[in-house]
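Chemist:
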């Protein structure tokens, strides 16, 4: 079996053109992850620039209102650029510099990974191009302009369903065209090895902090740790340091779109089957002939037909549970958390909040849930208004 | 002698590519026969895939046309079974791992043997990942064609040593598509391959002119022409047969 496996999942299913580059990145990463200077630099960027550590916030009003478990929110939305994506991007952009690259490229769905990548590129003096499905450039027009302000070139992708999967396709094509001076900064715990491992490591800062923070405040581990899950980078980061704590239940919340019994869904664990795509073996939404399904979710960031290979493995093991959450449930959660806690959270994160709202009341008052708020929701306000039929004159 | 080996026996091989089901499977059958009539030694048949990450826009669009037209892997097998009654030309499939994996690797290779497919080219299956499929393919005498890229460098020897059928040398970086100017030093790559194996070498990616075909016939054992043919199909649709025949003849003149 090849490298980078999580059970049967993972691997390196990419064109030959990229293989030497992947090997180079893997070797560099293996070296730098234990390099004192690299880690000092990265920690400094995370703390002094991105604003880490992020708060572990006790949501008192929600806890009381839902009347069950104590609810803590891991506030990745408060990071610079407004989401967890910056954790990974700073790590990879720094690695790009060490590799002597002068240019980084990235796919983006909601635009959060694109904004984070454009930000890191500006800060570290790298050229930057972002690939974004044309559909998403319309849904998230503000983020497109944001990336341009940061000096990045945004390429609208017009192939396929013009969403996240197609952006990944075109970004991979661009990388095979120009691999010499370019690093593809993958935005999730997906793709060929070493990306799922490397991105997970960079995101694991979320659970490293959260574990310390909760033990400090509560003197014990949480009962449930949860996060939304598309490709699954914030979920993997939120789970990672709790995997060995068997008493902690891990829950990933997938985007069910209009529901898992419709074709307009992106809940991979619920409706997907084993496949090989985007460099990895994992679960994918696909038809009987292995054609990748045109998935749907109100959330551009979760609108992806696959899931990272380590999640697929945690699912196989039964170590983590994955639940589908519909558009309607996520929008309700978006409104609920805004009114309860005064937090406009990303529609992606609200998929986790929606399931939290169902779960917390079934638990006892001495139990604890940590829910990752992966991003802030300013970018979603217009879409939520549209969903509710409110006409905004922008 | 295997049909693929035969394609390179005492001659330079012109290898044509098209996407099955574009614009229809009947037409695919006709176009392949036209290529053969014009002098093609081997034909690569693309099984359409929703997300062909190694393809440029021309072949991407052909994949979409074929899938929109209702083409499926089973229908492609039926087309090849019918085609096999009319020709003995070596035929290989080009497709991605997922359609094979989802169909069931064993079932897929078994069907390949039944209908008379000689080999498989899988752009997203590098050397490191071929083990699983190689065992199954061998059981059904299906040859796995290896790709070597401009970036392969130190990997060439390892890949070439285990190569079957022919070696597909990717002439340039990036995805498939017509290019006016190919900068890679293929001579060096071909020399490195020749040092370790007698397996024939064919060069592909970007080829569309007679001069390029001549040059690669000198450098290697064959030339692969894909996007340029698919472009003709895109332009002439059902009436592309004669145009393909003329084009292949012109390239070989």
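Protein chains in written order, with the UniProt record's numbering: chain X, 1 to 394; chain H, 1 to 253. Idealized CB from N, CA, C, for every residue including glycine.
Can you tell me the Cα-Cα spacing of residue 124/H and residue 159/X, whole angstroms?
Modeler: When the Cα atoms are used, residue 124/H and residue 159/X turn out to be separated by approximately 19 Å.
Chemist: Are the beta-carbon atoms of residue 186/H and residue 62/H separated by less than 8 Å?
Modeler: Residue 62/H is positioned such that its CB atom lies no closer than 8 Å to that of residue 186/H.
Chemist: Based on the DSSP output, what are the partners of residue 220/X in its beta bridges?
Modeler: None; residue 220/X has no bridge partner.
Chemist: Taking all protein chains shown into account, do 16 or more other C-beta atoms lie within 10 angstroms of the C-beta of residue 158/H, making it buried, or fewer, making it exposed?
Modeler: exposed
Chemist: Tell me which same chain residues have a C-beta within less than 8 Å of the C-beta of residue 22/X, skipping the five on either side of it?
Modeler: 12, 14, 192, 193, 194
Chemist: On the premise that residue 121/X lies in contact with residue 93/X, defined as a C-beta separation below 8 Å, what is that separation, rounded to the nearest angstrom?
Modeler: 7 Å
Chemist: In three-state terms, what does DSSP make of residue 439/X?
Modeler: Only positions 1 to 394 of chain X appear in the structure, and residue 439/X is not among them; the question remains open.
Chemist: Among the residues of its own chain, which have a CB less than 6 Å from the CB of residue 165/H, if the five just before and after it don't count?
Modeler: 4, 119, 143, 145
Chemist: Is the segment 263-280 of chain X touching the segment 199-213 of chain X, taking contact as three or more C-beta pairs under 8 Å?
Modeler: no
Chemist: Consult DSSP for residue 361/X and reduce its assignment to one of helix, strand or coil.
Modeler: helix
Chemist: To be precise: take each residue of the segment 265-277 of chain X, compare its Cβ to all Cβ atoms of chain H, and keep it if any distance is under 7 Å. Which residues remain?
Modeler: 275, 276, 277
Chemist: Can you give me, in chain order, the residues of the segment 7-33 of chain X that have a beta carbon less than 8 Å from any beta carbon in chain H?
Modeler: 11, 12, 13, 14, 15, 16, 17, 18, 19, 20, 21
Chemist: Find the nearest neighbour of residue 243/H within the set 163/H, 192/H, 135/H, 35/H, judged by alpha-carbon distance.
Modeler: Among 163/H, 192/H, 135/H, 35/H, the Cα nearest to that of residue 243/H belongs to 35/H.
Chemist: Could you give the uninterrupted runs of the beta strand (DSSP E) lying entirely in the segment 10-75 of chain X, keeping only those of 3 residues or more?
Modeler: 56-58, 70-75
Chemist: For the segment 232-243 of chain X against the segment 12-20 of chain H, do three or more pairs of beta-carbon atoms, one drawn from each stretch, fall closer than 8 Å, so that the two count as touching?
Modeler: no
Chemist: Just to confirm before moving on: does the CB-CB distance between residue 103/H and residue 52/H stay below 8 Å?
Modeler: no
Chemist: Where does the unbroken beta strand (DSSP E) through residue 155/X begin, and where does it stop?
Modeler: 153-157
Chemist: Any beta carbon from chain H within less than 8 Å of residue 160/X's own beta carbon?
Modeler: With a threshold of 8 Å between beta carbons, residue 160/X makes contact with chain H.
Chemist: Are residue 59/H and residue 28/H touching if we call contact CB-CB under 8 Å?
Modeler: Result no, Cβ atoms of residue 59/H and residue 28/H do not sit closer than 8 Å.
Chemist: Inspect the CB distances between the segment 214-228 of chain X and the segment 360-378 of chain X and report whether three or more fall short of 8 Å.
Modeler: yes
Chemist: Mind checking if residue 102/H is an interface residue toward chain X, Cβ cutoff 8 Å exclusive?
Modeler: yes
Chemist: Using DSSP bridges, identify the partner residues of residue 376/X.
Modeler: 345/X
Chemist: For residue 220/X, count neighbouring C-beta atoms within 10 Å of its own C-beta (all shown protein chains included) and say buried if the count is 16 or more, exposed if not.
Modeler: Under this definition residue 220/X is an exposed residue.
Chemist: So what does DSSP say about residue 168/H, is it helix, strand or coil?
Modeler: strand
Chemist: Among the candidates 291/X, 130/X, 173/X, whose CA atom is the shortest distance from the CA of residue 255/H?
Modeler: Because chain H in this structure spans residues 1 to 253, residue 255/H falls outside the shown range and cannot be described.
Chemist: Relative to the C-alpha of residue 177/H, which residue among 209/H, 199/H, 188/H is closest?
Modeler: 209/H
Chemist: Between the Cα of residue 111/H and the Cα atoms of 37/H, 193/H, 141/H, 24/H, which residue gives the shortest distance?
Modeler: Among 37/H, 193/H, 141/H, 24/H, the Cα nearest to that of residue 111/H belongs to 141/H.
Chemist: Interface residues of chain H around residue 165/X at Cβ under 8 Å?
Modeler: 51
Chemist: Nearest to residue 356/X by CA position, among 282/X, 295/X, 223/X, 212/X, is which residue?
Modeler: 223/X
Chemist: Looking at the structure shown, is residue 140/X part of a helix, part of a strand, or coil, going by DSSP?
Modeler: coil
Chemist: In chain order, what residues of the segment 52-72 of chain H put their CB closer than 9 Å to some CB of chain X?
Modeler: 52, 53, 54, 55, 56, 57, 60, 61, 64, 67, 72
Chemist: Tell me the rounded alpha-carbon separation between residue 245/H and residue 167/X.
Modeler: Distance between the alpha carbons of residue 245/H and residue 167/X: 37 Å.
Chemist: Measure from the alpha carbon of residue 339/X to the alpha carbon of each residue in 312/X, 325/X, 60/X, then state which is nearest.
Modeler: 60/X
Chemist: Would you mind listing the alpha helix (DSSP H) stretches within the segment 69-117 of chain X that are 4+ residues and don't spill past its ends, in chain order?
Modeler: Complete alpha helix (DSSP H) runs here, min 4: 85-98.
Chemist: Using a Cβ-Cβ cutoff of less than 6 Å, which residues in the same chain neighbour residue 56/H once the five nearest sequence positions on both sides are dropped?
Modeler: 175, 176, 177
Chemist: When you compare each of 215/H, 30/H, 168/H, 105/H to residue 233/H by their alpha carbons, which one comes out closest?
Modeler: 30/H
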